[in-house]
Every structure is written in structure tokens, then in C-alpha cells.
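Here is the structure we will look at, set down as C-alpha cells.
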Amino acid sequence: MKRYGHFHDATASYMITDPQTPRPWINYLGNQRLHAFVSQNAGGLLWHREPYSRRITRYHYTAAPGDRPGFYLYVRDRITGQVWNPHFAPRCTALDGFECRHRPGVTEFIAAKDGVEVRFTLGIPPQDDALLWDVAVRNTGGAPAELQLVSYMEFGLLEFMREALGWCYLKNQFGLHYDPELGAIRYDYHVFEAPYTPAMLIGCSEALSGWECSRDAFIGRTGSYESPCALRAGAELSNSDLPLGGHACAAQGVEVRLAPGEEKRLGFTFVLSDDLPGAESVVRKYRSVEAVAAGIASIDAFWAGRLGASTVSTGDPVVDRMVNTWIPYNCMVALDLARTISTDHMGTDGLRYRDTMQDAMAVANIDPEFALLRVRQVFAQQTPDGGGCFSFFPDDMRPTTDTPRRCDNTVWPVYTVHNLIAETGDMGLLDEEIPYRDGSPGSVYEHVLKGLKYIHERRGPNGLPTLFDVDWNDSLALFQDGAAESVMLGMQLVYACGLFKELAQRRDHAADCAWCDAAIAELTGILNSDKVWDGRWYRRLLLSNGKTLGSAANAQGSIYLNPQSWAVISGVGDFEGRGRIAMDSAAEFLDSECGLRILAPPFKGIPEPEDPPLGSNPGIGENGGIFCHANTWAIIAECLLGNGNRAWKYFRQILPEVVSEKFGADHYEREPYVFVSSIIGPVSDRFGEGGISWLTGTANWMHVAMMHYILGVRPTLDGLAVTPCLPDSIPEATVMRAYRGETRRIHVGHGDGAHA
Ligand code: GLC
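Counting with the numbering used here, you get residues 58 to 813 for the letters of the sequence shown.
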């Protein structure tokens, strides 16, 4: 079977050794202000704070799997005229050696061609808003080498949607030119009514032999990224400036002569700042190749700190490398970027209320400060009646839209707040004041409680929360039944009230405790009534026309995964009775041996005249696909039921490395080191194809499922609880974990065999 790379655990890397992966296999670079993603072909995109209105470079989305343009380094052999890229594409010259090493926050290309070896490292250091290009070029041949190295980036017009609609005007409202005194290219952006006009500079450690600011000059009339006219035989960089606008790029050329065995280090830098003096000082700093190398080293130090917060050893290398490196890394990227920008997402969505709250829950363990920052931002979007919003831009905190309305938005915060307090021990968080969206005051305690009451007050005639537009399952919008009642949200509310009660008890708020008790008791009764219990599983929706969804009586969508898992998590389903029966049904009807389907059977058409149109094709996404995020709750439920073998199986079978191996990288297509949102399910001929990688709630819940439930080291308000649920195949495991200022080493086994 064809593989395109392998893990290298000692350096926490994934090494891509064949550049022609089925899709771009990317990594993220960034310091939570300046961000980029970059593929194994150095295709990628750069943005500042948020990609909607501060998108710096361009990326051709719908041209995938080709990914153009990005952060390109061209190597021109002055003697033979041969031009190649150490990242293979876009030039696609056959190389003598190629490796792309993705590790947290850093991507490195190591390539060789005709006696020249190039090592090209990209990263954004925590301390500066600078994209650093650390380049080492070595002559490994027997004759002197004469080379020209040319860096290339292509600029857009910051405001993504405005550019798409009005680039023909806006392209005349900026300028680029080489500033000889500064020795850097300046990108002056002065678009009419632009919300933000940063200073941007592109620098180099060396004196340039030539440059281009005009893309028309670099690419040329008959050229392309593959074959820029400026690098063709007989052509040279023409030192084009673009002071009055046009189509912008920054290409910087440097001549390098190397004796046999000699190596040269050089650096290129993109810098952004609010003002020119700020940008100038950073571009000057990184004129030193030592400073560039130190900048890259500081990125590694940043990630070592975050990923070191908890490490595990289970004896299963496939699990350990995910749990120690790639899951926490994926969690941090997801919290940083929500579902906004990747090779799948175009960068227009902002941070979603509920997704961000879930992402922050897992990051409580990895980077509590960052988790808190996001929690504060989400609460600041809440309306004083307790309602949430769909999503918002974190940069200026403006909501993207008030619709569609997710009825579950405000059920999630208590999970996150509870977990943060359990992690840090800081009950004071409950008293922190965070104004609502209209500026009116509210403590964290009030935000959470009002959010739960908001859902509770909007229940339907059967006593379960109404759907508004949708609950967690976006595709339920197809039913266009806002008055339908959600079984899943009812169960989530029960779980949320249980957690909230623990917080209310610490505050001696007896009335709030009583409210939680009453809500739990009433909802649990309704959820176990014949309206919801179907005989072998829990139904999904009570529709306003009196019908149900997720019942054996339904020919399509007769069983849904989420109500079974949440029945157990919430305690609505008795662990020895219905909870267990429901999860057994999920195993019987939904498991595909590479993940549980979100529902079965998929909708194949319109069963009844009043039923909705189809949405995704059968087996895809929420129409019977293996929705990874939903699998995580099944893992947790199986742990709560004490089924360590099943929990482990469910955990392991959706790991990207495992799925990629099972179906083959060419079929699965996506990165073997980060989660996809969903895998196409068995009824489809495309069974096993992965879709939408990186930005999914799967990462954070997988972190929680493994750490809190399978390994069972779970922070509570009273301290760490240790209740492991290991499979028979793993006799014991070790967890090293930072907790409230100490490092704990916890050994877990079977039975009561846990000790710190
Ligand atoms: C996507 C969305 C998430 C939603 C899920 C299921 O992951 O980001 O908000 O709950 O799909 O529809």
C-alpha cells in the first residue's frame, strides 16, 4: 500500500517523503495573532488575527487538490539553468531527495537536487508577528555551485469578500516597492474605508540581486507558478516596483556561490505591525540568520510547554503519539481557529459559540489561559436573556449573523467552566464579571445559569427543549421544524444541570440547586417515557406533527447515535438497563469497524411527501457518515458503563493513522496525523474517504475521552479523581500531568489499581 510519509515520534513530527499526497497535507503556523497554513508543497495562506478582513496572501481554494500559491522558494542553478523547489511543487522538477517535516508550529523542507541540499524552515515565533523563512543551502557535490535563490509570496487585498467583489477598483488602492534604505519591500495598504491598514514589510538577511513587486513581471504573460517568466533562460528579476497598485507579489533574489562542502544560511521574513516603526524594528531584528534560527527555536519551546502539560504511556505507539502530540496540538489549533480556515474552510465564519466552548474545555488542561480568553469572548456574545449567538469575529467581537439559531448554544458553557475550575481550582472564576453583548453586567455564574434557563424555558408541549433551527446536528435543519423537541438537548441539559448544581452548592445557592434537581428529575422522567424510549434505543426528535425521528418505525434515520451516548453521559439511561441497551444497539446498528455512523439507515430520498429534501448524499457527513465528533461521546459512554474493550476499540478505530492504513492513504486522502470531521460511511461507494480535516470538535473530545475516561484521570472540584477504564489489551498505563502547580505521575491499571 502506498504511504506518503511516516511519524517520527522523537521529534514529534510527521515526515512526508512523497510530495504528491492525495490532497494538500497541511500544518498550521502562528502565534495566535499572525497565522498561516502550509502544505507539503509549500502551498498556503497567511492572515492576521482573522482571515475575513485581514487576509494577507491568496490561496486558490477551488483548485484543490492543486494548492497554489503559497510560500515558495525557487532554486535556480546558474550553471545549468535548472530551476527547482525544495517543496517539489509548483515547479515539480524531479528531486534527488525530499522530506517535508510537519511538527507543532513549524514546517521544514529538506530536499536535494544535483549536489545541492536545501533545508527550508517556516515558522511564526510567539514574540513577533513575523513569518520566518530559515534557509540553509549546502553544496554536497564536487564542483563549485552557483545558485540564485528566489522567495515568492503573492498578496491579496486583506478584505477577502471585498476583494472578491471589487478587486478591479481596490487593486489601485495599495502599493508595493523596494525601499533601498531599509533594504526591504514595503506593502502600503490604503484601501478606501478599510477597517485596518497595517504596515507590512518583506525582508531578507542578504543584499538582493533582484526583486519583483509586480506579479505580472514575475509570472509574466506566458508564465505560471510552475514556470515564472522571470526565472526562464536568459531572464532576470527586473526590480519591478508597484507603487500605484496592480497585482502584487514579493519575490526576492539572492545569489549564492558555494565551494564543495560549503553551506550558507539565509533568512527571509514577512513582518506585520500596526505601524511602520514597529515593522521596521522586527524586520531589522530578523536580518540576522541567528535571530531567525532563534525565532524558530522559540516556537519549539512554546509547543514543548503546551504539549508537556500531560503525557501518557499506554504501550500502544499509535495511541501514544496521538495522545501526546497530535491530539493536544489539534485541540489548540481548533481553539485558535474554530471552524474558520483550512484547505476546506474559506475563512468567513468567525468563532462559533458552541464549537469554541467545547474546544476550550479540553484546552483547560493544555493552556488554561488561552481557554479562559476564549470563554470570556464567548460569554461577551451572550444576550442578557441568556441566549447565545451563532458565531462572531474575535478581532472586533462583532457577531457574524444572528441566524441560524442553534438551540444548544448555551448548554455547553457549564461543561467548560466546570472543567476549568476543576483544573485550576479557582472558584473565583464564577464571580468574574463579563458584560453581556449589550453591555449589561453579569458574572460567569449568571451567564451559565441564564443560559441553562434559556433552554429550559423554551421547552415544547412534551417538556423537551425546542429545536429553533437545529441542535448539535446541523442537518436537522432539513426538517424545518423549529417547534420539534430535541431528545439530545434534553439529555445534555440534564448533564449540564448536574454540573451546575456542583458549582451552586459551593456557592450555597440552595434555590439554584433545587432548580437543578427539579429540572433533572422532570427531564429524566420525560426522556424515559414512551414518547422517547423506542424499545431498544432513545429516539432523536419529537416532531411538531406528532411523529418522531430516530425510531424503529422510521424507515430512514431509524437510530441516531447521539441520544444513546448522551443517555449514559447524563445518567438518564440506567447503566444496568436502558443506558446499556441503548449503547448495545448503537454497537449493533451503527458500528462500521472504522467508526460509528451518526445514524442508520441514511436518508435515501423523500420518504413521505412532507419530508425534507435529502441534503448530503447517503453515507456522507450527517446523513449516515461516520461523524467523528459524535464517536467521542460513545467512547465516554462505554467507559461509564465499564466497557473498556469497546471504548478502546471506538477510540482507536477513528484515529487518522488507523483509518488511513485501513483504507489506504489514496482513498482516505487526508492527513494521517489530525482528525477529520467525518469519514464517508459504508452505504456509499466512497466509504472510507475522509472529509474536512483539522478543524473539528473531535480533537478536544478525544482528548477528554482518553484522559478523563479511558485513562480516567479526571479533574473534579475536589481534586484529581482516578477511575480508569482500560481494555484487556492494555494491562497498565502511566499519566504524567500538571495539576494545580504540581506534576503528578499516575499509574493506572485494572480494578482499583490506580495510584499517584
Ligand atoms: C460541525 C459543526 C458543529 C456541529 C456539527 C454537527 O462540526 O462545526 O457545530 O455541531 O458539525 O452538525
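For each residue, glycine too, the CB sits at the ideal point set by N, CA and C.
What whole-angstrom Cβ distance do residue i and residue j have, given they're in contact under 8 angstroms?
i, j, result
"Phe-145", "Met-210", "Between Met-210 and Phe-145 the Cβ distance is about 18 angstroms, and since that is not below 8 angstroms, they are no contact."
"Phe-359", "Pro-183", "5 angstroms"
"Asp-186", "Ser-330", "6 angstroms"
"Leu-653", "Tyr-707", "7 angstroms"
"Ser-717", "Tyr-725", "5 angstroms"
"Arg-322", "Ala-120", "Contact flag wrong, Cβ pair sits at about 34 angstroms."
"Asp-785", "Asn-702", "6 angstroms"
"Asn-422", "Met-764", "7 angstroms"
"Val-313", "Leu-179", "Not a contact, Cβ separation roughly 19 angstroms."
"Leu-233", "Tyr-244", "5 angstroms"
"Ser-448", "Thr-457", "5 angstroms"
"Asp-412", "Arg-431", "Going by Cβ atoms, the distance from Asp-412 to Arg-431 rounds to 10 angstroms, so no, they are not a contact pair."
"Ala-722", "Tyr-235", "Going by Cβ atoms, the distance from Ala-722 to Tyr-235 rounds to 43 angstroms, so no, they are not a contact pair."
Can you tell me whether residue i is buried or exposed? The criterion is at least 16 other CB atoms within 10 Å of its CB, across all chains shown.
i, result
"Cys-782", "buried"
"Gly-810", "Bear in mind that the predicted position of Gly-810 carries a pLDDT of just 44, short of 50, making it unreliable; the figure below should be weighed with that in mind. Under this definition Gly-810 is an exposed residue."
"Phe-217", "buried"
"Phe-660", "buried"
"Ile-737", "buried"
"Gly-291", "exposed"
"His-117", "exposed"
"Cys-464", "buried"
"His-686", "buried"
"Ala-419", "buried"
"Glu-799", "exposed"
"Gln-537", "exposed"
"Asp-24", "Residue 24 is absent from the structure shown; the chain starts at 58 and stops at 813."
"Glu-650", "exposed"
"Pro-498", "exposed"
"Lys-170", "buried"
"Arg-797", "exposed"
"Ala-657", "buried"
"Arg-727", "buried"
"Cys-446", "buried"
"His-812", "Its pLDDT being 47, under 50, His-812 is placed unreliably by the model, and the measurement read from it follows with that caveat. Classification of His-812: exposed, given that the 10 Å Cβ count is below 16."
"Leu-524", "buried"
"Lys-59", "exposed"
"Arg-125", "buried"
"Tyr-766", "buried"
"Arg-699", "For the record, residue 699 in the displayed sequence is Gly; it is not Arg. Label assigned to Gly-699: exposed."
"Ser-367", "buried"
"Met-484", "exposed"
"Glu-633", "exposed"
"Asp-569", "buried"
Go to residue i, then tell me how far its beta strand (DSSP E) extends in each direction, as first and last residue.
i, result
"Asn-98", "Looking at the DSSP string, Asn-98 is not in any beta strand (DSSP E), and its letter there is neither H nor E."
"Gln-309", "305-315"
"Cys-446", "Cys-446 -> no beta strand (DSSP E), and no H or E assigned at all."
"Glu-43", "Since the first residue shown for the chain is 58 and the last is 813, residue 43 is missing from the structure and cannot be characterised."
"His-402", "From DSSP, His-402 is part of no beta strand (DSSP E); its letter is neither H nor E."
"Ala-193", "187-196"
"Asn-296", "Neither: Asn-296 is in no beta strand (DSSP E) and is coded neither H nor E."
"Ser-70", "70-73"
"Ala-319", "Note that residue 319 is Glu in the sequence shown here, rather than Ala. Segment: none, Glu-319 is in no beta strand (DSSP E) and carries neither H nor E."
"Gln-815", "No answer is possible for residue 815: the residues shown for the chain start at 58 and end at 813."
"Gly-199", "Element bounds for Gly-199: n/a, residue is neither H nor E."
"Glu-174", "173-180"
"Ile-83", "83-87"
"Ile-803", "799-805"
"Pro-374", "No beta strand (DSSP E) holds Pro-374; the alpha helix (DSSP H) holding it covers 374-378."
"Pro-456", "455-458"
Consider the C-beta atom of residue i and the heavy atoms of the ligand ZN; say whether any pair is separated by less than 7 angstroms.
i, result
"His-402", "The ligand ZN is not among the ligands present in this structure, which contains only the ligand GLC."
For the alpha helix (DSSP H) that residue i lies in, which residues bound it at each end?
i, result
"Val-369", "Unbroken run through Val-369 is the beta strand (DSSP E), 367-370; no alpha helix (DSSP H)."
"Tyr-235", "Premise fails: Tyr-235 lies in the beta strand (DSSP E), 231-236, not in any alpha helix (DSSP H)."
"Pro-385", "384-394"
"Gly-547", "544-563"
**OP:** Would you mind listing the alpha helix (DSSP H) stretches within the stretch 719-797 that are 4+ residues and don't spill past its ends, in chain order?
**Re:** For the alpha helix (DSSP H) assignment, the uninterrupted runs of no fewer than 4 residues enclosed by the stretch 719-797 are, from N- to C-terminal side, 722-725, 755-761.
Original post:
In chain order, which continuous runs of the alpha helix (DSSP H) of length 4 or greater are located wholly inside the stretch 242-270?
Top reply: As summarised for the stretch 242-270, there are no continuous alpha helix (DSSP H) elements at least 4 residues long confined to that stretch.
Subject >> Secondary structure, alpha helix (DSSP H): runs of 4+ residues fully inside the stretch 611-680 >> reply: Taken in chain order, the complete alpha helix (DSSP H) segments of 4 residues or longer contained in the stretch 611-680 are 619-627, 635-647.
**OP:** Output the residue ranges of the beta strand (DSSP E) runs that lie fully inside the stretch 105-170 and measure 3 residues or longer, sorted by chain position.
**Re:** Fully enclosed beta strand (DSSP E) runs of 3 or longer: 112-114, 129-134, 154-160, 163-170.
**OP:** Counting only runs of 4+ residues fully inside the stretch 471-535, write out the alpha helix (DSSP H) ranges in chain order.
**Re:** Fully enclosed alpha helix (DSSP H) runs of 4 or longer: 501-514.
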